[in-house]
Amino acid sequence: MPQSAAAQVPLIALEGVGKWYGAYHALKNINLTVKKGEKIVLCGPSGSGKSTLIRCINHLEETQEGNITVEGTTLSDSSRSIDAVRREVGMVFQSFNLFPHKTIMENCTLAPMRVKGVSKAEAEATARKYLERVRILDQADKYPAQLSGGQQQRAAIARALCMEPKAMLFDEPTSALDPEMVKEVLDTMIGLARDGMTMICVTHEMGFARQVADRVVFMASGEIIEEGPPETFFSNPQHQRTRTFLGEILAHH
Amino acid sequence: MSYSLDFSVVVARLPELLLACLATIGLSLAGMSLATVIGVLGVIARRSRFRLLRGLVIGFVELIRNTPFLVQIFFIFFALPQLGLRLNPTVTAIIALGLNGGAYAIEIIRGGVDAIPKGQVEAGLALGLHRAQIFRHIILKPALRTVYPSLTSQFVMLTLTTSVCTSIAAYELTSVAQKIEADTFRSFEVYFSITILYLIISSLMMGIFALISRFSFNYPVK
Ligand SMILES: Nc1ncnc2c1ncn2[C@@H]1O[C@H](COP(=O)(O)OP(=O)(O)O)[C@@H](O)[C@H]1O
Ligand SMILES: [Mg+2]
Numbered sequence: 007m008p009q010s011a012a013a014q015v016p017l018i019a020l021e022g023v024g025k026w027y028g029a030y031h032a033l034k035n036i037n038l039t040v041k042k043g044e045k046i047v048l049c050g051p052s053g054s055g056k057s058t059l060i061r062c063i064n065h066l067e068e069t070q071e072g073n074i075t076v077e078g079t080t081l082s083d084s085s086r087s088i089d090a091v092r093r094e095v096g097m098v099f100q101s102f103n104l105f106p107h108k109t110i111m112e113n114c115t116l117a118p119m120r121v122k123g124v125s126k127a128e129a130e131a132t133a134r135k136y137l138e139r140v141r142i143l144d145q146a147d148k149y150p151a152q153l154s155g156g157q158q159q160r161a162a163i164a165r166a167l168c169m170e171p172k173a174m175l176f177d178e179p180t181s182a183l184d185p186e187m188v189k190e191v192l193d194t195m196i197g198l199a200r201d202g203m204t205m206i207c208v209t210h211e212m213g214f215a216r217q218v219a220d221r222v223v224f225m226a227s228g229e230i231i232e233e234g235p236p237e238t239f240f241s242n243p244q245h246q247r248t249r250t251f252l253g254e255i256l257a258h259h
Numbered sequence: 002m003s004y005s006l007d008f009s010v011v012v013a014r015l016p017e018l019l020l021a022c023l024a025t026i027g028l029s030l031a032g033m034s035l036a037t038v039i040g041v042l043g044v045i046a047r048r049s050r051f052r053l054l055r056g057l058v059i060g061f062v063e064l065i066r067n068t069p070f071l072v073q074i075f076f077i078f079f080a081l082p083q084l085g086l087r088l089n090p091t092v093t094a095i096i097a098l099g100l101n102g103g104a105y106a107i108e109i110i111r112g113g114v115d116a117i118p119k120g121q122v123e124a125g126l127a128l129g130l131h132r133a134q135i136f137r138h139i140i141l142k143p144a145l146r147t148v149y150p151s152l153t154s155q156f157v158m159l160t161l162t163t164s165v166c167t168s169i170a171a172y173e174l175t176s177v178a179q180k181i182e183a184d185t186f187r188s189f190e191v192y193f194s195i196t197i198l199y200l201i202i203s204s205l206m207m208g209i210f211a212l213i214s215r216f217s218f219n220y221p222v223k
């Protein structure tokens, strides 16, 4: 498939990123570039630093070493750089984190109105577009607690999309769901991937990884151990730790 | 015992007592409003980046919670005029009730804010909202809902505390009752009557609180 020059520009770049929680070294010399439209699946054992890594990208966590650049903005302590990056990057959490006192529609319009300053009418039109896309427009006037887990996570995806981000970060978006609801959320993410969204997904759904990932990145103990396209990553892992991990994952699924 | 009950004096002065009830309700509502504002602003200040501001709030809360309300209201009414600040009894009462209720409200609301899951704040940050917006649009309402029972029972307490304002001759139910008692020497009838009236006022307040809750916190939770 021929790729345009624009598609080669890194949208997200981590260079030599190091992160400590107090004395605990959570991320060690992380180097990762994500081009526009690329889909990355990040996997690894629990506690390996996957959440920490993606939370550094939108500055939910501070780093102590290296640089993180998103769409030309290098993160620093300045609120201007943090605001700029957060405008370009959406995030979906394991526990949905919808606002319980706001309807699904209000969840979707809050940030566009307060951050971008768009009118209520415009924010609602955008919200309807994305709620339609995740197929829960009919739930727009309900409160989060009235929705199933799968619907809540799709609402959370729509809420993030309403900011029209250039990239989306997913932190185990299906881990808190009942098994019968995993598919509807994965299908939504697959649709998003097909539409060209740049994505970094922390997930253990290896079927999803095979289907949409351009690269699978494996982490252990705060380091990137290896990465590669799904075909070679799954069939021919280079490191013993990757093989052990894949063995455990496949045994559970 | 030769004391025979005679409620006719109370009945004769019922209009006075009922007006005084309105004054008590007015003082209570004004005091609660001020306490709520102090409570919310105090929590914001308590979470501020500035240590001095946080320290001031902690000092204020400790000062109020560890001194008698009677001394607080005397201080405002009798001590402040010596520094040139003279307030009438009603204004003094509202300020004293607001400051006192506010200190307790700060601690109560802070508990509700601390109970908000971290993920709520993170979702707001990830969407690009700023700290103040997150507090105002994401944290405040669920936090108030969580602590609403404690906050409103504190406010019933505040309503009953208005009777202490009789000590600076503020116009409210207890001070009017004292006047009627002084005129008639019918202590039992007068204080029995206002006991009932305070019960009614408390119930009324609880009714108002339930109504506010019905309309403000009507979203479902799991
Ligand atoms: N806020 C925190 N404070 C201290 N340690 C943390 C914090 N968050 C995560 N950690 C530690 O950092 C390591 C990586 O955590 P995390 O990124 O959540 O791993 P993963 O998402 O891969 O399971 C873990 O050992 C975890 O205990
Ligand atoms: Mg994690």
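Read top to bottom, the protein sequences are chains A and B.
For my numbering, count along the first sequence from 1 and bump the result up by 6.
For my numbering, count along the second sequence from 1 and bump the result up by 1.
Using N, Cα and C, we set each Cβ at its ideal position, and we do this for glycine too.
This structure is a prediction, so every number in the text was calculated from the model and none was measured.
Listed along chain A are 105, each with a C-beta nearer than 7 angstroms to that of residue 139 of chain B. In this structure, ligand 2 has no non-hydrogen atom nearer than 7 angstroms to the beta-carbon of residue 229 of chain A.
The C-beta of residue 177 of chain A has 16 or more other C-beta atoms within 10 Å across all chains shown, which makes the residue buried. Contact between residue 207 of chain A and residue 47 of chain A holds, with the beta-carbon distance rounding to 5 angstroms and staying under 8 angstroms.
In this structure, residue 13 of chain B sits away from residue 102 of chain B, with a CB-CB distance that is not shorter than 8 angstroms.
Proximity of residue 89 of chain A to chain B, defined by a Cβ-Cβ separation below 8 angstroms, is satisfied.
For ligand 1, a non-hydrogen atom lies closer than 7 angstroms to the CB of residue 32 of chain A.
Assigned with DSSP and collapsed to three states, residue 226 of chain A falls in strand. For residue 121 of chain A, the C-beta contacts it makes with chain B under 9 angstroms involve 128, 129, 130, 131, 134, in order along the chain. Taken through DSSP and simplified to helix, strand or coil, residue 202 of chain B comes out as helix.
For the 8 angstroms CB-CB criterion, residue 111 of chain A and residue 130 of chain A form a contact. For residue 31 of chain A, the secondary structure class from DSSP, reduced to helix, strand or coil, is strand.
Listed in chain order, the non-local C-beta contacts of residue 11 of chain B below 8 angstroms within the same chain comprise 18, 181, 187, 190, 191, 194, local neighbours out to five positions each way being set aside. A check of alpha carbon separations from residue 196 of chain A across A:212, A:85, A:183, A:182 identifies A:212 as the nearest. Classified as exposed, residue 241 of chain A has fewer than 16 neighbouring CB atoms from the shown chains inside 10 Å of its CB.
Per DSSP, the continuous alpha helix (DSSP H) segment holding residue 90 of chain A begins and ends at 85-94. Taking the Cβ of residue 27 of chain A as the reference point, at least one heavy atom of ligand 1 falls within a distance shorter than 7 angstroms.
The beta-bridge partner set that DSSP reports for residue 41 of chain A consists of A:16.
Where residue 174 of chain A is concerned, there is no enclosing alpha helix (DSSP H), although the beta strand (DSSP E) around it starts and stops at 173-177. A straight line joining the alpha-carbon of residue 72 of chain A with that of residue 21 of chain A spans about 5 angstroms.
Around the C-beta of residue 146 of chain A, 16 or more other C-beta atoms lie within 10 Å, and the residue is accordingly described as buried.
Along the region 99-115 of chain B, none of the residues has a CB nearer than 9 angstroms to a CB of chain A.
Residue environment: residue 225 of chain A is assigned as buried (16 or more neighbouring CB atoms within 10 Å of its CB, all protein chains considered).
For the pair residue 171 of chain B and residue 91 of chain B, the CB atoms are nearer than the 8 angstroms cut-off. Within its own chain, no residue has a Cβ closer than 6 angstroms to the Cβ of residue 69 of chain B once the five positions on either side in sequence are excluded. Residue 142 of chain A sits buried, since 16 or more C-beta atoms from the chains shown fall within 10 Å of its C-beta. Residue 72 of chain A carries a strand assignment under DSSP once its states are collapsed to helix, strand and coil. Under DSSP, the beta-bridge partners assigned to residue 234 of chain A are A:222. Here residue 149 of chain A is buried. Its C-beta has 16 or more other C-beta atoms within 10 Å.
Taken from the Cβ of residue 55 of chain A, at least one heavy atom of ligand 1 lies inside 7 angstroms.
With respect to the 8 angstroms criterion, residue 96 of chain A and residue 179 of chain A are not classified as neighbours on the basis of their beta carbons. At a cut-off of 8 angstroms between C-beta atoms, residue 116 of chain A counts as an interface residue with respect to chain B. The alpha carbon of residue 30 of chain A has as its nearest neighbour, out of A:248, A:227, A:86, the alpha carbon of A:227.
The Cβ neighbour count for residue 213 of chain B, taken over all protein chains shown within 10 Å, is under 16; the residue is labelled exposed. The Cβ neighbour count for residue 173 of chain B, taken over all protein chains shown within 10 Å, is at least 16; the residue is labelled buried. DSSP places residue 212 of chain A in the helix class (H, G or I) of the three-state scheme.
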